[in-house]
Amino acid sequence: MDDALFLHRLQFAFTITFHYLFPQLTMGLGLLIVIMKWIALRTDNECYNNSTRFWAKIFAINFAVGVVTGIPMEFQFGTNWARFSTFAGGVIGQTLAMESVFAFFLESSFLGLFLFSEKRLGPKMHFFAALMVFIGSWLSGYFIIATNAWMQHPVAYEVGANGNVALTSFWGLLLNPWIAWQYTHNMIGSVVTASFVVAAAGAFYLLAHKNEEYGKVFVRVGVIAGVIASILVAFPTGDGQVKNIVVHQPVTFAAMEGLFETREGAPLVLIGQPDMEKRRLDNPLHVPKMLSFLTYLHWGAEVKGLDAFPENTWPTNIPLLYYSYHVMVGLGTIFIAIMLGGIYLLWKKKLFTARPFLWVLMLAFPFPYIANTAGWWTAELGRQPWLVYGLMRTVDGTSTMVSAGNTLFTLLGFAGMYFVIGMLFLFLVVKTINNGPEAALKH
Amino acid sequence: MEILWFCVVAFMLAMYTILDGFDLGAGILHLFVAKNDEERRTVLNAIGPVWDGNEVWILAVGGTLYFAFPLLYASSFSGFYLPLMMVLWLLMLRGLGIELRHHVNHPMWRTFWDGTFALGSTLLAIFLGAALGNVVRGVPLNEDGFFFEPLWTTFMVQPEAGILDWFTVLMGLVGLCTLTVHGANYLAMKTESAVQERSRRIASFAVWGVVLFSVATLVAASSIRPEIWNNYSEHSWGYIFPLVGMLGLIGMVYFNRTHQDTKAFLSSSTFIGGMLASTAFGLFPNVLPASTDPKYSLTVYNTAAPSYGLSVGIVWWAIGIVIALGYFTYLFYSFRGKVKLHAEGY
Chain H
2 MDDALFLHRL
12 QFAFTITFHY
22 LFPQLTMGLG
32 LLIVIMKWIA
42 LRTDNECYNN
52 STRFWAKIFA
62 INFAVGVVTG
72 IPMEFQFGTN
82 WARFSTFAGG
92 VIGQTLAMES
102 VFAFFLESSF
112 LGLFLFSEKR
122 LGPKMHFFAA
132 LMVFIGSWLS
142 GYFIIATNAW
152 MQHPVAYEVG
162 ANGNVALTSF
172 WGLLLNPWIA
182 WQYTHNMIGS
192 VVTASFVVAA
202 AGAFYLLAHK
212 NEEYGKVFVR
222 VGVIAGVIAS
232 ILVAFPTGDG
242 QVKNIVVHQP
252 VTFAAMEGLF
262 ETREGAPLVL
272 IGQPDMEKRR
282 LDNPLHVPKM
292 LSFLTYLHWG
302 AEVKGLDAFP
312 ENTWPTNIPL
322 LYYSYHVMVG
332 LGTIFIAIML
342 GGIYLLWKKK
352 LFTARPFLWV
362 LMLAFPFPYI
372 ANTAGWWTAE
382 LGRQPWLVYG
392 LMRTVDGTST
402 MVSAGNTLFT
412 LLGFAGMYFV
422 IGMLFLFLVV
432 KTINNGPEAA
442 LKH
Chain L
644 MEILWFCVVA
654 FMLAMYTILD
664 GFDLGAGILH
674 LFVAKNDEER
684 RTVLNAIGPV
694 WDGNEVWILA
704 VGGTLYFAFP
714 LLYASSFSGF
724 YLPLMMVLWL
734 LMLRGLGIEL
744 RHHVNHPMWR
754 TFWDGTFALG
764 STLLAIFLGA
774 ALGNVVRGVP
784 LNEDGFFFEP
794 LWTTFMVQPE
804 AGILDWFTVL
814 MGLVGLCTLT
824 VHGANYLAMK
834 TESAVQERSR
844 RIASFAVWGV
854 VLFSVATLVA
864 ASSIRPEIWN
874 NYSEHSWGYI
884 FPLVGMLGLI
894 GMVYFNRTHQ
904 DTKAFLSSST
914 FIGGMLASTA
924 FGLFPNVLPA
934 STDPKYSLTV
944 YNTAAPSYGL
954 SVGIVWWAIG
964 IVIALGYFTY
974 LFYSFRGKVK
984 LHAEGY
């Protein structure tokens with residue numbers, strides 16, 4: 002049984018991690034395309050119009066992969082987590098069904114129009130189609146976050162006679178207080194990814210001395226959007242999300258911070274390795290009293306460590322949780338530094354010729370993907386050992402009828418399939434960027 | 644309320660089969676009706692703007708099952724574990740075939756994705772038919788309402804059957820033939836000259852496959868699961884569904900001969916809708932009959948979510964689906980008429 006549990010978890014973790022590489026760009030890029038299209042519409046600047054077409058092409062490849070890797074996610078709730086679905090379907094089935102009915106239909110219909118009928122629609126309707134695609138993708142994100150928020154912080158439910166949960170308030174589910182920070186944090190995180198990707202493509206053009214006119218547009222749009230998003234993702238949204246965790250999942254917070262012992266004036270750990278045998282942090286580098294201050298705005302405040310909680314409520318993989326959280330926060334800080342540098346150079350009118358900085362910008366684009374992934378791992382590992390916080394443990398949620406051998410078979414199948422899809426994706430995106438925006442106009 | 648949701652799910656499943664059915668059908672026919680690159684691009688452009696939206700219906704079916712009938716969702720998805728995973732992989736390959744083909748202008752690249760698209764679509768059509776076959780035949784449910792089926796055992800219809808036995812394979816062939824005709828009707832409606840003529844010709848003989856396999860299935864189903872006739876003998880108004888299906892079938896033959904492609908397409912849509920409704924009517928109130936012991940069968944009553952969720956769901960569902968049908972109408976309207984190849988598109 003342990004074996005099967007591990008494989009069910011690994012398959013879900015693998016498929017969702019891979020899947021989320023694509024929607025995070027879709028959601029962020031959707032916003033940037035709307036902005037570029039808006040500028041094109043207002044200024045009649047053909048360069049912005051072509052930029053929109055170019056990014057729409059990358060958006061389409063990205064969207065296609067997002068769709069095909071997304072379908073398994075909804076299926077896997079039933080295939081691999083049947084007991085969880087029986088238990089929670091009456092509540093989270095609502096938000097998942099709403100995602101299809103309200104978001105996916107909108108997104109897929111208008112994407113068809115956006116990609117295929119610019120000439121037929123005319124500029125204003127084409128802008129409208131882009132706007133609808135953007136709204137569809139952000140609505141989709143909302144329903145997914147609402148689903149996850151219920152698993153992190155269950156509300157608006159009652160446990161029925163058969164032991165399964167029943168919904169008691171529709172608006173309670175959709176307006177779960179957990180959603181606000183998690184949603185804004187997540188969506189702005191996707192804008193960070195898109196900003197870095199757009200800026201990186203621009204930096205590449207400027208460094209390679211080709212399509213320089215477009216390179217300037219991309220770098221400018223990327224840096225301006227990037228500085229705003231990088232700051233907002235940390236404060237107030239990231240900070241707000243941590244405070245949710247402090248209040249509702251205090252043991253998770255202690256594990257994220259690597260705080261084994263409860264103490265007043267707790268330090269903020271920057272680097273160190275959790276040693277679970279000795280219950281301590283090896284090679285720590287920390288800022289004294291900072292954690293107490295950041296959490297409670299008071300230098301001497303007491304922060305609860307892991308020792309304050311029974312061990313069977315501790316997250317099951319504390320080192321990985323700790324690393325995920327610290328990787329996310331560390332990278333987030335670096336993003337702010339890079340984008341502030343970019344905005345300073347833009348203001349000084351040196352950005353397009355500052356080659357060392359353009360190199361940094363070009364090479365930085367994978368890191369927001371890592372940060373977003375690490376952020377989700379923090380949320381999901383932090384919820385353990387619970388599948389629905391306080392209500393159902395992960396070990397009780399699997400499909401008992403599906404054997405470990407069958408799960409391993411499909412896990413290997415997904416691994417092979419996604420490896421091929423990943424290579425195709427990279428090949429096509431690199432090719433599109435290499436061909437440049439002018440080639441995107443011709444077919 | 645459970646009955647209403649049963650109808651909703653049946654409606655959405657019919658919408659899915661009709662809509663995604665024609666682009667699956669186009670995939671089955673892809674290599675046969677379109678011989679050169681220009682013709683293949685025509686086929687892809689005929690479904691290009693709409694296939695993704697069509698496929699969303701299966702997600703909507705899954706989501707609706709999930710919240711309206713959680714136990715049914717959990718039981719069937721985990722029980723059909725292997726075939727569902729394969730369906731997912733096929734859906735992926737097929738979607739990539741449509742979307743990636745036009746990105747590289749090299750004959751080998753294009754041939755490869757044409758093959759992927761065609762093979763994926765063909766297998767999916769068979770799987771969809773076989774899936775329905777499993778529901779009609781029943782699955783080995785235990786007392787908790789769960790089961791697990793291997794892909795096949797002995798290919799005989801027995802309590803410990805696999806996903807594939809002779810009956811479900813037969814229904815798979817019904818699925819394949821029906822979607823072939825349906826796709827051919829769609830392509831005949833959306834294209835001109837060579838592709839159109841080949842599509843009409845294929846539809847004209849594949850429709851006899853539909854007739855043959857449907858009759859065989861009907862006879863087989865009556866002997867395997869005679870109780871599907873109970874609802875009909877108790878409520879004779881239910882015969883309207885098979886009657887509608889029959890009219891659709893007649894229309895498919897007639898309008899194909901007279902080259903009225905749009906009417907032929909509407910006929911095959913009617914046939915699919917009528918046949919699915921007939922099956923649903925015969926199964927009710929079962930949603931997944933047990934091949935082990937009838938008392939373990941999953942019904943709309945023992946799998947439904949609590950009533951508050953169902954009542955609140957019907958409100959947003961109705962609003963959402965009206966809006967969605969609006970998008971679809973607009974989308975199909977703006978891509979109306981014959982496909983023209985130009986710079987925008989595949």
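Residue numbers (the working numbering), protein chains in the order written: chain H, 2 to 444; chain L, 644 to 989. Using N, Cα and C, we set each Cβ at its ideal position, and we do this for glycine too.
Host alpha helix (DSSP H) of residue i (start-end)
i, result
"residue 322 of chain H", "319 to 348"
"residue 868 of chain L", "No alpha helix (DSSP H) contains residue 868 of chain L, which DSSP labels as neither H nor E."
"residue 362 of chain H", "356 to 364"
"residue 827 of chain L", "809 to 833"
"residue 923 of chain L", "904 to 926"
"residue 202 of chain H", "180 to 209"
Within-9 Å CB hit, residue i to chain L
i, result
"residue 167 of chain H", "yes"
"residue 422 of chain H", "yes"
"residue 95 of chain H", "yes"
"residue 84 of chain H", "yes"
"residue 31 of chain H", "no"
"residue 444 of chain H", "Because the pLDDT of residue 444 of chain H is 47, which lies under 50, any placement of that residue in the model is unreliable, and the number read from its coordinates should be weighed accordingly. Yes, residue 444 of chain H lies at the interface with chain L (some Cβ there is under 9 Å from its Cβ)."
"residue 180 of chain H", "no"
"residue 72 of chain H", "yes"
"residue 78 of chain H", "yes"
"residue 188 of chain H", "no"
"residue 116 of chain H", "yes"
"residue 433 of chain H", "yes"
Buried or exposed by the 16-neighbour rule on C-beta atoms within 10 Å, applied to residue i
i, result
"residue 304 of chain H", "buried"
"residue 367 of chain H", "exposed"
"residue 873 of chain L", "exposed"
"residue 839 of chain L", "buried"
"residue 446 of chain H", "No statement about residue 446 of chain H is possible, as the shown extent of chain H runs from 2 to 444 and does not include it."
"residue 757 of chain L", "buried"
Cβ of residue i within 9 Å of any chain H Cβ
i, result
"residue 991 of chain L", "Residue 991 of chain L falls outside the range modelled here, since chain L spans only 644 to 989, and no answer is possible."
"residue 713 of chain L", "yes"
"residue 749 of chain L", "no"
"residue 717 of chain L", "yes"
"residue 724 of chain L", "yes"
"residue 825 of chain L", "no"
"residue 674 of chain L", "no"
"residue 707 of chain L", "yes"
Residue i in three-state terms, based on DSSP
i, result
"residue 298 of chain H", "coil"
"residue 650 of chain L", "helix"
"residue 2 of chain H", "No answer about residue 2 of chain H holds up, because its pLDDT of 46 lies below 50 and its placement is not dependable."
"residue 11 of chain H", "helix"
"residue 24 of chain H", "helix"
"residue 273 of chain H", "strand"
"residue 283 of chain H", "strand"
"residue 929 of chain L", "strand"
"residue 263 of chain H", "coil"
"residue 151 of chain H", "helix"
"residue 393 of chain H", "strand"
"residue 139 of chain H", "helix"
"residue 79 of chain H", "helix"
"residue 47 of chain H", "helix"
"residue 427 of chain H", "helix"
"residue 303 of chain H", "strand"
"residue 989 of chain L", "coil"
"residue 747 of chain L", "coil"
"residue 228 of chain H", "helix"
Within chain B, partners of residue i - CB distance below 7 Å
i, result
"residue 742 of chain L", "In the structure shown, chain B cannot be found, because the protein chains are H and L."
Delimiting residues of the beta strand (DSSP E) encompassing residue i
i, result
"residue 159 of chain H", "158 to 160"
Counting only Cβ-Cβ distances shorter than 7 Å, please list the residues of the segment 121 to 147 of chain H near chain L, keeping chain order.
For chain L, the residues of the segment 121 to 147 of chain H that bring a beta carbon within less than 7 Å of one of its beta carbons are 121, in chain order.
Output needed in chain order: residues of the segment 942 to 961 of chain L with a Cβ under 8 Å from some Cβ in chain H.
Residues of the segment 942 to 961 of chain L that bring their beta carbon within less than 8 Å of a beta carbon in chain H comprise 948, 949, 951, 952, 955, 956, 959 and 960, in sequence order.
Taking only beta carbons into account, state which residues of the segment 692 to 704 of chain L come closer than 7 Å to chain H, listed in chain order.
Interface annotation for the segment 692 to 704 of chain L against chain H: 692, 693, 695, 696, 699, 702 and 703, criterion Cβ-Cβ distance under 7 Å.
Contact set between the segment 357 to 368 of chain H and chain L, restricted to residues whose Cβ is under 9 Å from the partner
When CB distances to chain L are screened at a threshold of 9 Å, not a single residue of the segment 357 to 368 of chain H falls below it.
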